[in-house]
Each structure stands twice: as structure tokens, then as C-alpha cells.
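S.K.:
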Amino acid sequence: MATRYVVGPVSSYPPGSSTIVYPDKVKSGIGVFNVGGEFYALKNTCPHMGGPLCKGRVRGTTEACAKDDERLGIQWVRDGEIIACPWHHWEFEIRTGRTIFSSRQRVRSYPVTVEAPETMERLKKGVETVPVSVEDAQIILEI
Numbered sequence: 044m045a046t047r048y049v050v051g052p053v054s055s056y057p058p059g060s061s062t063i064v065y066p067d068k069v070k071s072g073i074g075v076f077n078v079g080g081e082f083y084a085l086k087n088t089c090p091h092m093g094g095p096l097c098k099g100r101v102r103g104t105t106e107a108c109a110k111d112d113e114r115l116g117i118q119w120v121r122d123g124e125i126i127a128c129p130w131h132h133w134e135f136e137i138r139t140g141r142t143i144f145s146s147r148q149r150v151r152s153y154p155v156t157v158e159a160p161e162t163m164e165r166l167k168k169g170v171e172t173v174p175v176s177v178e179d180a181q182i183i184l185e186i
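Counting in my numbering, the sequence shown runs from 44 upward without gaps.
(1) In angstroms, rounded to a whole number, what distance separates the CA positions of G103 and A159?
(2) Given 8 Å as the limit, is there contact between the stretch 58-75 and the stretch 83-100, that is, 3 or more CB pairs closer than that?
(3) Counting along the chain, where does the beta strand (DSSP E) carrying N77 start and finish?
(4) Starting from the C-beta of S54, find all residues in its chain whose C-beta is less than 8 Å away, skip the five residues before and the five after it, and write them out in chain order.
(5) For the beta strand (DSSP E) that A84 lies in, which residues bound it at each end?
(6) Could you check if P49 is buried or exposed, using at least 16 other CB atoms within 10 Å of its CB as the buried criterion?
(7) Assuming R121 is part of the beta strand (DSSP E), what are its boundary residues?
(8) With a CB to CB cut of under 6 Å and the five nearest residues on each side skipped, what residues in its chain are close to G140?
(9) Measure the Cβ-Cβ separation of Y56 and I182 and say whether it is below 8 Å.
(10) Tell me the residue span of the beta strand (DSSP E) that contains S61.
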């Protein structure tokens with residue numbers, strides 16, 4: 044059975060922000076990222092050489108494109124969706140943990156949910172209540 048770990052209130056992590064948390068089961072830590080209002084979590088270990096992946100830069104990447112004069116060019120894409128390891132700059136998709144280049148290596152990802160405070164209180168009490176409003180939902184990791 045998965046262990047639940049409360050990261051913190053959604054309002055503390057606006058789009059483009061991230062944090063690293065250190066639950067007991069994951070000594071290297073887990074990076075939690077807000078990509079366009081959606082939350083994702085990756086293990087803070089690069090599969091290349093074990094670097095602290097989630098301490099790297101969140102950025103985009105480049106891809107080839109055809110210019111108006113039919114020559115090839117390069118364009119910047121996926122801004123804020125890629126994490127680059129600070130040691131050797133291997134790039135990974137934050138949403139999936141996959142490398143952006145051809146490789147079978149990937150970073151472990153963790154399920155993330157956002158739950159209203161009322162839901163969390165219900166889980167603590169073990170009784171059914173009716174949620175009334177959401178003031179500051181919490182980010183929850185399933186480890």
C-alpha cells in the first residue's frame with residue numbers, strides 16, 4: 044500500500060515552481076513540479092550518474108523546424124516542461140520522467156494528487172462529511 048506524503052498547499056507552488064521533499068522512504072528526495080497548473084513528481088536521482096536531477100534547471104528544449112524559405116532551422120519548444128541534470132545536462136520530461144533523446148533510461152515518477160482540505164479532514168476522521176469550499180488544497184504524493 045502506498046504511503047501518502049503531504050507536500051504543502053497548492054498556493055505555495057505557482058505554475059513554474061518546484062520543490063524537493065525528503066520522505067522517509069526516498070532518501071535522495073523527490074522533486075515536485077508545477078507545470079502549467081498540473082503537478083508532477085520525479086525521483087531526485089539522474090539515472091546517468093546519480094546526480095541530483097531535481098536541482099537542475101527547468102527549461103524547454105529545441106527541435107528542428109522548416110523556415111519560410113524551406114531551410115531547416117531550430118525552434119525553442121516545451122518551455123517549463125523539461126528538467127536538465129546539473130551534472131551532465133541530460134534532459135528529462137517532467138510529466139513522464141523519460142529522456143528527450145532516444146534512450147530506455149528514465150527517472151522514476153510518482154503519482155501526485157491535489158486534495159481539498161475538507162477531503163483531508165474526512166480521511167483523518169474516517170467519517171463522511173460534505174465539502175463546502177476549497178480555500179487551499181494540498182499537494183499529496185503517493186510513495
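Even glycine gets a Cβ: it sits at the ideal position worked out from N, Cα and C. Note that this is a predicted model, so its numbers are computed, not measured.
M.R.: With the given structure in hand:
(1) For this step, residue 103 is matched to residue 60 along the sequence shown. For this step, residue 159 is matched to residue 116 along the sequence shown. Cα to Cα, the separation comes out at about 31 Å.
(2) yes
(3) What you label residue 77 is simply residue 34 of the sequence shown in a count that begins at 1. Run containing N77: I73 to V78, per the beta strand (DSSP E) assignment.
(4) In the sequence shown, counting from the first residue as 1, residue 54 sits at position 11. D179.
(5) Looking up residue 84 in the sequence shown gives position 41. From DSSP, the beta strand (DSSP E) with A84 extends over E81 to K86.
(6) In the sequence shown, the residue the question calls residue 49 occupies position 6. Reading off the sequence shown, one finds Val at residue 49, where the question assumed Pro. That one is exposed.
(7) Within the sequence shown, numbered from 1, the residue matching residue 121 stands at position 78. Run containing R121: L115 to A127, per the beta strand (DSSP E) assignment.
(8) Working through the sequence shown from its first residue, we reach residue 140 at position 97. The residues are L85, R149, V150 and S152.
(9) Locating residue 56 in the sequence shown gives position 13, counting from the first residue. Locating residue 182 in the sequence shown gives position 139, counting from the first residue. Contact: yes.
(10) Position 18 of the sequence shown, counted from the start, is the residue given in the question as residue 61. Where S61 is concerned, the enclosing beta strand (DSSP E) stretches over S61 to V64.
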